[in-house]
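The sequence shown begins at 1 in the UniProt record's numbering and counts up by one.
Working notes, beginning with the structure itself.
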Amino acid sequence: ETWQIDFTARMAGMDERQRLENIDIFGAAAFFGDGYLVGKSGNQFYVTKGTGYVAGLRTTLAENLNITVTTRPVKVWLDVCWTGTLTSVWGVQSRITVADNLADYVQNGVQHYVFAVAGIDENGNITDLRPKGTLNEQQASDALRKHEQSRNHPDATTREKGFVQLSSDTNSESEMLAATPKAVKAAMDNANGRVPSDRKVNGHPLSGDITLWASDVKAISADAIGQITDNGTMASANTPGWWRVAVSNSDTVADFPAYPDGSKLYSYGYIFVEKIGEVWFQHYYAHMGANAKRQDWGTVPNTSRPWVIDYNTANKPSAGDVGALPITGGRINGSLGIGADNALGGNSIVFGDNDTGFKWHSDGVLGIYANNALVGYIDNSGLHMSVDVLTNGAVRAGNAKKLSLTSNNNSTMTATFNLWGDANRPTVIELDDDQGWHLYSQRNPDGSIVFTVNGDITANTLRAGGA
């Protein structure tokens with residue numbers, strides 16, 4: 001009969017005794033130098049190579065180890081365990097874990113011990129959590145730190161002498177800290193750089209908060225400070241600067257600028273507002289190029305104030321807008337002077353000087369004036385002249401090439417001189433009066449000429465046939 005002694009429990013007990021003895025020496029955790037120190041290079045976090053103890057298990061990191069940190073704040077944990085098989089060499093296995101919280105645990109029958117070696121805040125700042133050296137060294141360090149922080153000595157106050165701590169803070173309200181020369185200098189520099197309280201900005205005292213408009217410092221806002229939309233008013237733009245205008249239906253804006261014919265300007269653009277004292281100026285610039293402006297007095301702009309529309313290449317004036325006669329023709333009310341002012345008045349036209357031209361007298365009657373004198377007129381019966389008619393050329397008148405000259409101011413009867421003709425009598429020169437014809441000379445169709453007198457011929461000499 002063969003017996004096999006199982007030393008597993010005995011060996012495990014020896015390992016556990018060694019681990020507990022190490023805890024007595026090193027405490028819950030201990031690290032040496034920079035071993036397992038968490039650092040950062042750029043955006044890359046890493047764990048520094050070195051040696052440490054966790055729960056009495058000694059572990060070593062042979063090379064620096066990069067770690068991935070995806071969320072913050074978070075902690076970096078050193079996870080160790082004592083493991084092996086029945087026939088293998090037992091040893092410490094370790095790994096680095098990044099997590100918010102972690103506790104000792106058992107996995108596959110193996111006890112794992114964890115310790116947080118560092119904390120990383122939301123800004124990526126690292127806090128080293130590693131205890132340094134043996135438990136005695138840690139306790140000595142703690143004692144020294146507590147001694148440094150000891151309050152077993154009197155602190156100086158505003159009433160009693162004592163120890164004080166120096167501070168370079170310039171925003172502290174403590175009465176237990178003493179200011180360093182650096183803090184005093186910073187405070188003096190701050191005070192010397194401040195504006196005296198009796199100083200004013202464009203009439204606004206600096207004793208309290210002030211509201212400055214761009215016009216107070218002769219500036220304007222670089223951005224639109226408001227917007228006018230449907231159902232609003234242009235007068236609501238009551239702060240100096242640029243305002244955006246985005247109106248889809250200009251009929252809903254009671255004071256929207258309009259042309260003289262009542263049609264509205266293009267309703268998308270910008271309005272610039274100025275204020276000087278109690279005087280308001282509003283300038284509207286439509287995207288299509290039309291401009292309008294208005295001025296008002298008071299604390300705020302008034303919707304009833306009319307707009308003045310600018311003429312430009314995008315809004316050319318009509319002849320009626322400027323009181324001009326269209327090139328296509330039109331009506332002129334009143335007198336017209338060409339090359340001179342008009343002195344005739346009424347409905348008249350003068351040429352060259354102010355009282356020579358034509359003037360309307362009555363329905364169908366047009367007067368002719370020379371140097372303000374009526375020299376004739378025209379009506380539906382013809383041309384009537386009250387002065388001599390002089391010509392160096394021919395006088396042509398009548399119907400079918402007939403020339404008729406009439407005078408009735410030097411005889412009891414009206415005499416008529418006629419020039420006419422037809423197919424049978426191509427040319428007829430005839431003298432008549434109220435009682436009939438006197439004489440005529442005519443060209444016949446064969447080219448011959450006949451001279452006929454309607455009465456006696458009295459002559460000193462009468463020749464015929466070329467004699």
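Glycine included, C-beta positions come from ideal geometry on N, C-alpha and C.
Taking only beta-carbon atoms, is residue i less than 9 Å away from chain D?
i, result
"Val80", "Although the question refers to chain D, the structure presented lacks it and comprises just one protein chain."
Label residue i either buried or exposed according to how many other C-beta atoms from any shown protein chain fall within 10 Å of its C-beta, with 16 as the threshold for buried.
i, result
"Phe256", "buried"
"Ala314", "exposed"
"Val189", "Residue identity differs from the one stated: residue 189 is Asp in this sequence, not Val. That one is exposed."
"Leu374", "exposed"
"Trp243", "buried"
"Gln282", "buried"
"Tyr105", "exposed"
"Tyr311", "exposed"
If you draw a straight line from the C-alpha of residue i to the C-alpha of residue j, how long is it?
i, j, result
"Gly330", "Thr233", "39 Å"
"Ile309", "Arg294", "9 Å"
"Arg425", "Gly364", "37 Å"
"Arg463", "Leu431", "22 Å"
"Ser236", "Pro205", "28 Å"
"Thr252", "Val279", "26 Å"
"Val74", "Val80", "19 Å"
"Asn171", "Asn192", "17 Å"
"Gly84", "Trp90", "4 Å"
"Asn342", "Pro326", "21 Å"
May I ask you to report which of helix, strand or coil DSSP gives residue i?
i, result
"Arg19", "helix"
"Thr186", "Note that residue 186 corresponds to Ala in the displayed sequence, not to Thr. Ala186 falls in the helix class under three-state DSSP."
"Glu430", "strand"
"Ala191", "helix"
"Pro205", "strand"
"Val435", "For the record, residue 435 in the displayed sequence is Gln; it is not Val. The answer is coil: DSSP assigns Gln435 none of H, G, I, E or B."
"Leu135", "helix"
"residue 473", "Here the chain covers residues 1 to 467 and nothing more, so residue 473 does not appear."
"Ala415", "strand"
"Val47", "strand"
"Ala464", "coil"
"Asp456", "coil"
"Val247", "coil"
"Asp353", "coil"
"Ala235", "helix"
"Asp24", "helix"
Residue i: which of the options sits nearest, CA to CA?
i, options, result
"Tyr285", "Val279, Lys264 and Gly35", "Lys264"
"Thr416", "Thr170, Val300, Ile338 and Asp434", "Asp434"
"Asp321", "Pro301, Asp261 and Gly334", "Asp261"
"Gly367", "Asn192, Ala55 and Ser348", "Ser348"
"Asn66", "Tyr46, Thr83 and Gly84", "Tyr46"
"Tyr369", "Gly382, Asp198 and Asp353", "Asp353"
"Glu160", "Ala62, Glu175 and Arg19", "Glu175"
"residue 477", "Ser168, Tyr259 and Thr83", "Limits of the chain in this structure are 1 at one end and 467 at the other, which puts residue 477 out of reach."
"Thr299", "Ile276, Glu16, Met14 and Trp360", "Ile276"
"His112", "Asp128, Val54 and Glu21", "Val54"
Using the DSSP secondary-structure output, state which residues sit across from residue i in a beta bridge.
i, result
"Trp307", "Note: Trp307 sits in no beta bridge, so no partner."
"Val80", "Ser94 and Tyr113"
"Ala29", "Val54"
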